[in-house]
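Student: In this note's numbering, the protein residues as written are 8 to 486.
Below you'll find the structure I mean.
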Amino acid sequence: MDTSELRGEVSGILTEMEAACHRPLFSEISESLDSFQPFSTVIEQIGGEIHPGKNVLSERSKKRRRENASPPLKTQHRRWDEILKHASALLPFMTHDEHARASRLAMIFLFGYLIPDSTGNDFVCVQTAPQKRSMTDGTGRMTKGESSREVLSRADFINMDIEERLENCSRFHAAQNFGEMDSCVDENIAESFRRFLKEGLSPFLAGREAHSEETDLLHIMAMAISPSPAPVTPEPQMNNKHHPSQKRAIRLMSTVQSNYFFIGYAERTALVRVVAEKLILPEYNPLEKPQDLQVEDIITEEPDSPLFHGAMMHLRASLHAFALGAMNHRDSHLAYQALSNIAIRSGLSDCITEEWDALLKRILDDHSDYDCSCKDQCDRALMSSQGGTCSLVYSAASKCPHLSRGKLLVDFVMKYNGSRHFADDDFTRMALVSLSAAIEDRTKLFFESTDIETNELPPPACQMTALLGAAPSLFFFFF
């Protein structure tokens, strides 16, 4: 495929995405159904169950109904997930502006599932109703400027900010129309949304690094994961704490419209998994300090980054809130894995330190004994070694919270240093010092608990195993 054909395909997929943004969500749901069952067939089945061996409808009537039954409607346009999957294959060939356009259109697709009436002709007609009334003459007919004004309104619909979009949509919905429980979410919408996440959004996020300026998609994902992450927002460690992107992220975190999203807990968990496995972030490049002695005293402000100062902070806060309120340990572990991957892929030093300290703090603060079978598995491994080297199998890590957190520590070290051409000496030293202090603290607590005069219980053995299991990974990169 030559360059002209490739550019034409990119332009065509963007045009198709723009047209799909004006289709309602319920059109997407109807397209996902392979076929429909005519009402006469349902009546015949019900009649056969009530009166076995007896025909409720006459043969002539049933034949006439079968002849007059219209076949399922076949539309010419594709589903949102199919369009987004096609666009993900073209992401490497898009320009910076085209990538921003595709990200905004993908955000509208996702927002259409969260608030079903935010897409389609109904939303556009409501927004342009005052304009259309002003363009009519005394007889009620439209004037000549109708077509241009309508095209402008459609462009404004695509370029609309999140704040304005939330405000316009929330006016037409009541709070009782949305719910957190899975029973409040229609099964057809939930199934279509899960397919959209798996076949549409996942390849789109994995097809290219997230856009550095167009970050509305990440903000909507963060609002869907946790509607109110403000109480657990991580403290920003940037040099300049007054970035416009950061202020915008704080406003979005404090909004109440996200509490009315049409999404359940299962779909939130699926979205967290997409972030953990598919999201690709560019590596953060801080502003280099001047090396010339003559300009050493010049204060240079760090440029505003909508991705790192705004969207990433919002997404991390939502993942922290989801992890704290998760319904089981596996979902909480998935959220912390997503947080670790975000820190590793961004390479932001402050974010790396915060997430490493947070993982260690989770291990040290949890004194619970989960009555897991880790000790029995270790004993069986020692017995089967027969004098040889014994490699501990952490097959119970998914069931034991302590071992799963220790596995996150190992993955953090291996992925962060292994994903670069050279190991980060500062991070390795910091991690070694903090991990050594944690092991020393647990060892001291263990010996103090064995004293007869104290009634304190010793720390769980799995906790010490998790800390000691993370230590060898650091020595691979320590010089």
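Every residue gets a Cβ at the ideal spot worked out from N, C-alpha and C, and that includes glycine.
If you're wondering where the values come from, they're calculated on a predicted model, not measured in any experiment.
Between which two residues does the alpha helix (DSSP H) containing S480 stretch?
Tutor: Element bounds for S480: A468 to F482.
Student: What runs of the alpha helix (DSSP H), each 4 residues or longer, lie entirely inside the region 214–286?
Tutor: Runs of the alpha helix (DSSP H) inside the region 214–286: 223–232, 251–260 and 272–285.
Student: Three Cβ pairs or more, each shorter than 8 Å: is that satisfied between the region 260–276 and the region 353–360?
Tutor: No, they do not touch.
Student: Thinking just about the alpha-carbon of each residue, which of T435, V263 and S443 is nearest to the one in F483?
Tutor: If we check each option's Cα against that of F483, T435 comes out closest.
Student: May I have the straight-line CA-CA distance separating E487 from Y343, to the nearest angstrom?
Tutor: Summary: the structure shown does not reach residue 487, with the chain confined to residues 8 through 486, and so no result is reported for it.
Student: Determine the burial state of H327: buried for a count of at least 16 other Cβ atoms within 10 Å of its Cβ, exposed for fewer.
Tutor: It counts as buried.
Student: Does DSSP put I115 in a helix, in a strand, or in coil?
Tutor: It is helical.
Student: Taking just the CA atoms, how far does I122 sit from E4?
Tutor: The chain is shown only over 8 to 486; residue 4 falls outside these bounds and no answer can be derived.
Student: Within 10 angstroms of the Cβ of S209, are there 16 or more other Cβ atoms? Answer buried if so, exposed if not.
Tutor: Classification for S209: buried.
Student: Please say whether A318 and H226 have beta carbons closer to each other than 8 Å?
Tutor: In this structure, A318 lies closer than 8 Å to H226 by Cβ.
Student: Can you tell which of V440, L439, M437 and Q470 has the C-alpha that lies nearest to the C-alpha of L452?
Tutor: Comparing Cα-Cα distances from L452 to each of V440, L439, M437 and Q470, the minimum goes to Q470.
Student: From which residue to which residue does the alpha helix (DSSP H) around D6 run?
Tutor: In the structure as shown, the chain starts at 8 and stops at 486, and residue 6 therefore has no counterpart that could be examined.
Student: Taking the alpha carbon of P234 as the reference point, which residue from I349, R323 and L416 has its own alpha carbon closest?
Tutor: When only C-alpha atoms are compared, the closest one is R323.
Student: Mapping the DSSP letters down to three states, classify R86 as helix, strand or coil.
Tutor: It is coil, neither helix nor strand.
Student: Looking at C-alpha atoms only, which residue of S441, L13 and R161 is the closest neighbour of A365?
Tutor: If we check each option's Cα against that of A365, S441 comes out closest.
Student: Give me the residue from S325, N335, M228 and L439 with the minimum Cα distance to R111.
Tutor: Closest by alpha carbon: M228.
Student: Could you tell me whether the Cβ atoms of L97 and E16 are closer together than 8 Å?
Tutor: Yes.
Student: Using the beta-carbon count (16 or more within 10 Å), is H374 buried or exposed?
Tutor: Flag for H374 reads exposed.
Student: Can you tell which of P313, A345, F329 and A231 has the C-alpha that lies nearest to the C-alpha of E284?
Tutor: Closest by alpha carbon: A345.
Student: Please return the same chain residues whose Cβ sits closer than 8 Å to the Cβ of V279, not counting the five positions on each side in sequence.
Tutor: If we look at V279 and ignore the five residues flanking it on each side, its Cβ neighbours are I232, L326, F329, D338, L341, A342 and A345.
Student: For Y423, collect the residues of the same chain with a Cβ closer than 6 Å to its Cβ; drop the 5 residues on either side in sequence, then sort them by chain order.
Tutor: Answer for Y423: I351, listed in chain order.
Student: Who are the near neighbours of I446 in its chain, counting only those whose CB is closer than 8 Å to its CB and skipping five residues on each side?
Tutor: Contacts found: M471, L474, L475 and A478.
Student: On the three-state DSSP scale, how would you describe S443?
Tutor: Three-state DSSP puts S443 in a helix.
Student: Anyone know if the C-beta pair for L288 and I349 falls short of 8 Å?
Tutor: Contact flag set, yes.
Student: Here's the rule I'm using: 16 or more other beta-carbon atoms within 10 Å means buried, otherwise exposed. How should S480 be labelled?
Tutor: S480 is buried by the Cβ-count criterion.
Student: Rounded to the nearest angstrom, what separates A172 and D432 at their Cα positions?
Tutor: The question names Ala, but residue 172 is Arg in the sequence shown. So the alpha carbons of these two residues sit roughly 46 Å apart.
Student: With H, G and I counted as helix, E and B as strand and the rest as coil, what does DSSP make of T450?
Tutor: Here T450 sits in helix by DSSP.
Student: At the level of alpha carbons, what is the spacing between A277 and E455?
Tutor: Taking the straight line joining both Cα atoms gives about 44 Å.
Student: According to DSSP, simplified to helix, strand and coil, what is L288?
Tutor: Three-state result, L288: coil.
Student: Determine whether the beta carbon atoms of D487 and S312 lie at a separation below 8 Å.
Tutor: In the structure as shown, the chain starts at 8 and stops at 486, and residue 487 therefore has no counterpart that could be examined.
Student: Is the beta carbon of C3 less than 8 Å from the beta carbon of K414?
Tutor: The question about residue 3 has no answer here: the residues shown for the chain are numbered 8 through 486.
Student: If you run the structure through DSSP and keep just helix, strand and coil, what is S375?
Tutor: Coil.
Student: Where H4 and H316 are concerned, what is the direct C-alpha to C-alpha distance, given to the nearest angstrom?
Tutor: This structure gives no information on residue 4, because the portion of the chain shown stretches from 8 to 486.
Student: Taking 8 Å as the threshold (C-beta atoms), are L224 and L117 in contact?
Tutor: The answer is yes: Cβ separation under 8 Å.
Student: From S11 to V420, what does the alpha carbon distance come to, in whole angstroms?
Tutor: Looking at the two C-alpha atoms, the distance is approximately 45 Å.
Student: Put L367 into one of helix, strand or coil per three-state DSSP.
Tutor: Of the three classes helix, strand and coil, the one that applies to L367 here is helix, per DSSP.
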